[in-house]
Amino acid sequence: MDIIWSNLPFLLKGAYYTLLITIVSMFFGSIIAVVVAIARLKGNRSIRWLARAYVSIIRGTPTLVQIIIVYYGLADYGLNLQPLTAAYIALSISIGAYLSETLRGAIQAIPKGQYEAAYASGMTPIQTMKRIILPQAIRIAIPPAGNTFIGMLKETSLVSVITVTELLRSAQLLIAQYYVYMPFYLAIAVMYWILSTGFSFILERIERRLSIYE
Amino acid sequence: MDIIWSNLPFLLKGAYYTLLITIVSMFFGSIIAVVVAIARLKGNRSIRWLARAYVSIIRGTPTLVQIIIVYYGLADYGLNLQPLTAAYIALSISIGAYLSETLRGAIQAIPKGQYEAAYASGMTPIQTMKRIILPQAIRIAIPPAGNTFIGMLKETSLVSVITVTELLRSAQLLIAQYYVYMPFYLAIAVMYWILSTGFSFILERIERRLSIYE
Amino acid sequence: MNKYGDPMIKTENLSKSFSGLEVLKNINLTVETGEVVAILGPSGSGKSTLLRMFNGLEELSGGRIQVGGISVDANQSQRERNKQIGKIRLHTGMVFQQFNLYPHKTVLQNVVEALLIVKKIPREKAITLGEKLLKRVGLLEKKDQYPNRLSGGQQQRVAIARALAMEPDLMLFDEPTSALDPELVDEVLAVIKELAHTGMTMVIVTHEMEFAREVADRIIFMADGVVVEEGTSEEFFSRPKTERARKFLKMEEVIN
Amino acid sequence: MNKYGDPMIKTENLSKSFSGLEVLKNINLTVETGEVVAILGPSGSGKSTLLRMFNGLEELSGGRIQVGGISVDANQSQRERNKQIGKIRLHTGMVFQQFNLYPHKTVLQNVVEALLIVKKIPREKAITLGEKLLKRVGLLEKKDQYPNRLSGGQQQRVAIARALAMEPDLMLFDEPTSALDPELVDEVLAVIKELAHTGMTMVIVTHEMEFAREVADRIIFMADGVVVEEGTSEEFFSRPKTERARKFLKMEEVIN
Amino acid sequence: GAKNNANNANKDLLKEVKDQGTLRVGVMGTYQPYNFLNDKKEMDGFDVDIAKEVAKRLGVKVEFVAQEFSGMIAGLQTNKFDVVISQMTITDERKKQLDFTKPYITNNVKVIVQEGNTTIKSVEDFKGKNIGVGLGTNDETYLRTELLPKVGDFTIKTYDDVITSLKDLDTGRIDATINNMYAIKPIVEKNGFKIKAVGEPVKSDQAGIAVRKGNEKFLKELDRILADMKADGTYKKIFVKWFNEEPAE
Ligand SMILES: Nc1ncnc2c1ncn2[C@@H]1O[C@H](COP(=O)(O)OP(=O)(O)OP(=O)(O)O)[C@@H](O)[C@H]1O
Ligand SMILES: Nc1ncnc2c1ncn2[C@@H]1O[C@H](COP(=O)(O)OP(=O)(O)OP(=O)(O)O)[C@@H](O)[C@H]1O
Ligand SMILES: [Mg+2]
Ligand SMILES: [Mg+2]
Numbered sequence: 490m491d492i493i494w495s496n497l498p499f500l501l502k503g504a505y506y507t508l509l510i511t512i513v514s515m516f517f518g519s520i521i522a523v524v525v526a527i528a529r530l531k532g533n534r535s536i537r538w539l540a541r542a543y544v545s546i547i548r549g550t551p552t553l554v555q556i557i558i559v560y561y562g563l564a565d566y567g568l569n570l571q572p573l574t575a576a577y578i579a580l581s582i583s584i585g586a587y588l589s590e591t592l593r594g595a596i597q598a599i600p601k602g603q604y605e606a607a608y609a610s611g612m613t614p615i616q617t618m619k620r621i622i623l624p625q626a627i628r629i630a631i632p633p634a635g636n637t638f639i640g641m642l643k644e645t646s647l648v649s650v651i652t653v654t655e656l657l658r659s660a661q662l663l664i665a666q667y668y669v670y671m672p673f674y675l676a677i678a679v680m681y682w683i684l685s686t687g688f689s690f691i692l693e694r695i696e697r698r699l700s701i702y703e
Numbered sequence: 490m491d492i493i494w495s496n497l498p499f500l501l502k503g504a505y506y507t508l509l510i511t512i513v514s515m516f517f518g519s520i521i522a523v524v525v526a527i528a529r530l531k532g533n534r535s536i537r538w539l540a541r542a543y544v545s546i547i548r549g550t551p552t553l554v555q556i557i558i559v560y561y562g563l564a565d566y567g568l569n570l571q572p573l574t575a576a577y578i579a580l581s582i583s584i585g586a587y588l589s590e591t592l593r594g595a596i597q598a599i600p601k602g603q604y605e606a607a608y609a610s611g612m613t614p615i616q617t618m619k620r621i622i623l624p625q626a627i628r629i630a631i632p633p634a635g636n637t638f639i640g641m642l643k644e645t646s647l648v649s650v651i652t653v654t655e656l657l658r659s660a661q662l663l664i665a666q667y668y669v670y671m672p673f674y675l676a677i678a679v680m681y682w683i684l685s686t687g688f689s690f691i692l693e694r695i696e697r698r699l700s701i702y703e
Numbered sequence: 038m039n040k041y042g043d044p045m046i047k048t049e050n051l052s053k054s055f056s057g058l059e060v061l062k063n064i065n066l067t068v069e070t071g072e073v074v075a076i077l078g079p080s081g082s083g084k085s086t087l088l089r090m091f092n093g094l095e096e097l098s099g100g101r102i103q104v105g106g107i108s109v110d111a112n113q114s115q116r117e118r119n120k121q122i123g124k125i126r127l128h129t130g131m132v133f134q135q136f137n138l139y140p141h142k143t144v145l146q147n148v149v150e151a152l153l154i155v156k157k158i159p160r161e162k163a164i165t166l167g168e169k170l171l172k173r174v175g176l177l178e179k180k181d182q183y184p185n186r187l188s189g190g191q192q193q194r195v196a197i198a199r200a201l202a203m204e205p206d207l208m209l210f211d212e213p214t215s216a217l218d219p220e221l222v223d224e225v226l227a228v229i230k231e232l233a234h235t236g237m238t239m240v241i242v243t244h245e246m247e248f249a250r251e252v253a254d255r256i257i258f259m260a261d262g263v264v265v266e267e268g269t270s271e272e273f274f275s276r277p278k279t280e281r282a283r284k285f286l287k288m289e290e291v292i293n
Numbered sequence: 038m039n040k041y042g043d044p045m046i047k048t049e050n051l052s053k054s055f056s057g058l059e060v061l062k063n064i065n066l067t068v069e070t071g072e073v074v075a076i077l078g079p080s081g082s083g084k085s086t087l088l089r090m091f092n093g094l095e096e097l098s099g100g101r102i103q104v105g106g107i108s109v110d111a112n113q114s115q116r117e118r119n120k121q122i123g124k125i126r127l128h129t130g131m132v133f134q135q136f137n138l139y140p141h142k143t144v145l146q147n148v149v150e151a152l153l154i155v156k157k158i159p160r161e162k163a164i165t166l167g168e169k170l171l172k173r174v175g176l177l178e179k180k181d182q183y184p185n186r187l188s189g190g191q192q193q194r195v196a197i198a199r200a201l202a203m204e205p206d207l208m209l210f211d212e213p214t215s216a217l218d219p220e221l222v223d224e225v226l227a228v229i230k231e232l233a234h235t236g237m238t239m240v241i242v243t244h245e246m247e248f249a250r251e252v253a254d255r256i257i258f259m260a261d262g263v264v265v266e267e268g269t270s271e272e273f274f275s276r277p278k279t280e281r282a283r284k285f286l287k288m289e290e291v292i293n
Numbered sequence: 002g003a004k005n006n007a008n009n010a011n012k013d014l015l016k017e018v019k020d021q022g023t024l025r026v027g028v029m030g031t032y033q034p035y036n037f038l039n040d041k042k043e044m045d046g047f048d049v050d051i052a053k054e055v056a057k058r059l060g061v062k063v064e065f066v067a068q069e070f071s072g073m074i075a076g077l078q079t080n081k082f083d084v085v086i087s088q089m090t091i092t093d094e095r096k097k098q099l100d101f102t103k104p105y106i107t108n109n110v111k112v113i114v115q116e117g118n119t120t121i122k123s124v125e126d127f128k129g130k131n132i133g134v135g136l137g138t139n140d141e142t143y144l145r146t147e148l149l150p151k152v153g154d155f156t157i158k159t160y161d162d163v164i165t166s167l168k169d170l171d172t173g174r175i176d177a178t179i180n181n182m183y184a185i186k187p188i189v190e191k192n193g194f195k196i197k198a199v200g201e202p203v204k205s206d207q208a209g210i211a212v213r214k215g216n217e218k219f220l221k222e223l224d225r226i227l228a229d230m231k232a233d234g235t236y237k238k239i240f241v242k243w244f245n246e247e248p249a250e
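Chains as they are written, first to last, in the numbering used here: chain H, 490 to 703; chain V, 490 to 703; chain Y, 38 to 293; chain C, 38 to 293; chain E, 2 to 250.
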């Protein structure tokens, strides 16, 4: 236990990066998801195809490889991103693909009558989407999105490959130094669990808030 | 390109392990998911609590740590598992937690009237669950489960930490040999993508098959 | 004793509350074997709740109920009650307002499912019986369809066949036609009328006054969780005894 | 020219197919300004489809339609048609069988939504108007409730208030009462009758014969995608001209 | 960890290995020229040749377990393999958990910078810079626990492999790295990185064969074998084969 306490600040710094990266990528990923989900459902043929390809490629390839391509691959073309920036970009793109599928399902679950009522009252397709469909779809999408967000929390550990010392990497560094692994792995397991539980809790609050009309 | 072709058999062997581990864990994970989902919905208070704790802990902590605990941690108690066995166990437990949530949502989506019709005809709760509710719930759960399965395909890469040379690890070994990384990372990205697309395709077929009644 | 033999249903001080709200208050009634009873009353009066208590789909909060000689009361242990309810369900069939067909099974599978797994009848025998029943409700040619391909009236007739398959002594109907388009209603009413002629005991919750008048031997009129008035169909419709029933009948007239 | 001024709706050889199936065939009809028209006919005859074409919820397959002087025809480009339909919708209100209220908005928000974002009326003015309309349909005290807390009849009245909020010249109703329990029906019918007295042009698809007879100036009777008979309400119900209409009226009688 | 060591104390690992007839060796497999997969997809390299020779002299076969460095200690302690021969540097901290043989190689660690860099000449110039280092290596521990307090704040970036750290140095995302000269030579040649080593060695790391604690007899036997190899010239042959130079005395 002692080595955990004495190294706690080091681990907490790792946890800080884990949280920071998760939140930033969640934010941008959600924006991407809305755009892509609508593109897939309402776009013209080539836009739909593009959105499909994006989802298929991103979901189909490991996030680790995506991170490496953004960080090292783009460097070959002169785009020298900072590690954190590269992490935000790669993970936003990744989360965007997963969330867009969730959101697409939710949008499709909204009855046709909702569109018809809005159109009949003179709203344009864009107004209808923004004011009537999306608010209801987001409500439906929250529980499955929770799975995605919590998964993302742990996928951030992949960014250690581009030198970001997040929570898992901090543990690995300490293990290499002290040559004992269980206490450190258990310690970060607890920290991840606290973060996940915190996330779930917040998501449930939001869900309940958005459910007042049910 | 040449170094990819000449090393293809090696990469394919890695892909074989990736696929093997994914399929085995999917299988056992699905069984766990059914049991846990029903336990959470229909169990008595302490069973429900247990199922909740399982889901919360497994979803809340990194799969990597779970793998390490199964492989190294259990060894401390004299249970010396083979790497593949440990991989199957750890990943089945992990996938079981995620899938059980998906399935729970699906079971809750089945209208109360389906239970009532079955009970009214004299079926026991177990018969009702098995013959009436689950078949419908599984149909509903397939699209979100697809996300989980495809995610799992890539999470198998974590088992390289316990000496299983799956796809990602094969690439890393080749990178260490040839001192170039991009071609290998791109090659495995393509292979993962083919595997994911294959999975999605099969899942869609199953979904369509189960949807004949709609 | 009466002309029908032992009563099929008998309730004693039956009551039911939903989290504090008392929706059935001291119900005492009897349904004789072979009788066709219609339960009428305004929305929210407790008709569905009462019907659902006859086969244990709602737990009772107080009193006693006896169906086909098997009794359930509020003083039994949960376990004991469940056992009794299980027995009651074996000889009671129910037809729901929303049909509640199993969407993943074909029409024939819907009908034979309980035969196979509750009664454990051999598959072939079950199928023969199932087809006979589908023929009776005029849907034999639809036997391999899935329910969602059928019209509402057809679905409701399948639901009736499904309930009949278990050869129940008692059939319960909860507004069997109110989810139907007007033009599908008479398909279903015709089947129920035919059943009435076979001497089966039936309890029907309905809003179709004409139909109740025609098919029911006796009317039970409920309001606010109590039985306000009971009587033969003839009596009730031509000479309602209570003010409440008169008001109800007048209102219904305006709507139809 | 006629006593009403320019017609509100005029169709010329209007036709509609769903992937090959022709459900409307060469419809030619006129609805005058201020007239109340009921469309009757058996299930599947194309009533809803026709109604939905009046405000562009269904694309036309052939022919021409003119609503309030704005015309849409099959020869226009998609773009041009959409522009015209957009204009038609600005002065047409529709009330759906399934209400289609926005569940995430309160009753008042449902009513004022389109005022705010389509007509871009200032919030305060919109709220004043919305409250006035809710009062008119007797639901002012429910203004801050969410729709799922309301009974079916209440929801339908909110849907009417929502359609009225845009101050339409034409109101379209698709079976406005058939999703309602019998006891909720008259709430809604009362509101529609009141509207009829104000001289608003209305087209109503309905199965309520009594109501159609009472409220409609004229009846359009459809079967199999064509208008079989047209006439004043009085004529149609007492002296139907066609065999088909006589059969239809008789059948309805049996059911009700 | 600790409980496990106690269990093993009363077993004779030497006898166990001989009974099994195989020596199970943990190696990273991603560290050319020390240990890596060759064209035939077999483990190869300096460490691997040493291990093969040790096994031969023990009279047993050799089996290599490719283990990521982050799981190396866990693998050894939980008996997934018998020894680690994978450039594991002997440190006091590690000696608390493991036993090491006498060193079988000494590596010089130097500061490496971009070719045009003139500001960094030694570790003393690291203050305020971004410094790259391999994950799990004791170089990282050295930078963080020894150098950082001495020369003042600099940022440590950890890499999973040597290539990516040199790549980042080449692109300028880090200012310097410290690394084992033997390890980087082939990578620099292959990728054409424009980088150079500067100054005197930062430190000399000695790697030994790592064994679970409590196996004195086994450890002694390994020490004896290593001494024999050095004495009869086998060691020198292996060294020259991989590094093209004679081992320093
Ligand atoms: N599960 C429940 N929880 C709480 N209250 C309930 C529940 N089921 C029914 N109720 C209430 O019990 C009362 C009686 O309901 P019931 O469904 O028996 O009425 P009903 O006579 O069948 O009405 P309707 O003609 O509208 O079907 C109503 O006030 C209803 O709101
Ligand atoms: N979206 C659609 N795709 C294919 N066929 C359709 C579609 N909508 C309606 N139809 C068909 O068009 C015909 C007319 O349908 P419509 O809904 O207009 O009938 P209706 O007269 O309103 O009947 P009801 O009284 O049952 O509402 C029916 O045969 C129906 O199956
Ligand atoms: Mg009811
Ligand atoms: Mg219709």
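Beta carbons are placed, not taken as given, at the ideal position from N, Cα and C, and that holds for glycine. A quick note: this is a predicted structure, and the numbers were derived from the prediction, not measured.
Short Cβ contact (8 Å threshold) for residue i with residue j
i	j	result
residue 591 (chain H)	residue 607 (chain H)	no
residue 151 (chain Y)	residue 611 (chain V)	yes
residue 253 (chain C)	residue 75 (chain C)	yes
Nearest-angstrom Cα separation, counted from residue j out to residue i
i	j	result
residue 248 (chain E)	residue 200 (chain E)	21 Å
residue 105 (chain E)	residue 210 (chain E)	8 Å
residue 209 (chain C)	residue 132 (chain C)	6 Å
residue 1 (chain E)	residue 17 (chain E)	Chain E is shown from 2 up to 250; residue 1 (chain E) falls before or after that span and cannot be answered.
residue 544 (chain V)	residue 511 (chain H)	21 Å
residue 621 (chain V)	residue 116 (chain Y)	24 Å
residue 593 (chain V)	residue 520 (chain V)	13 Å
Residue i, DSSP secondary structure in three states
i	result
residue 613 (chain V)	coil
residue 188 (chain E)	helix
residue 77 (chain C)	strand
Of the listed residues the options, nearest to residue i (C-alpha basis)
i	options	result
residue 124 (chain C)	C:147, C:93, C:99	C:93
residue 586 (chain H)	H:564, H:517, H:682, H:646	H:517
residue 258 (chain Y)	Y:273, Y:103, Y:245, Y:49	Y:273
residue 72 (chain C)	C:178, C:165, C:232	C:232
Any heavy atom of ligand 6 nearer than 5 Å to the CB - residues listed | You won't find ligand 6 in this model; what it holds is ligand 1, ligand 2, ligand 3 and ligand 4.
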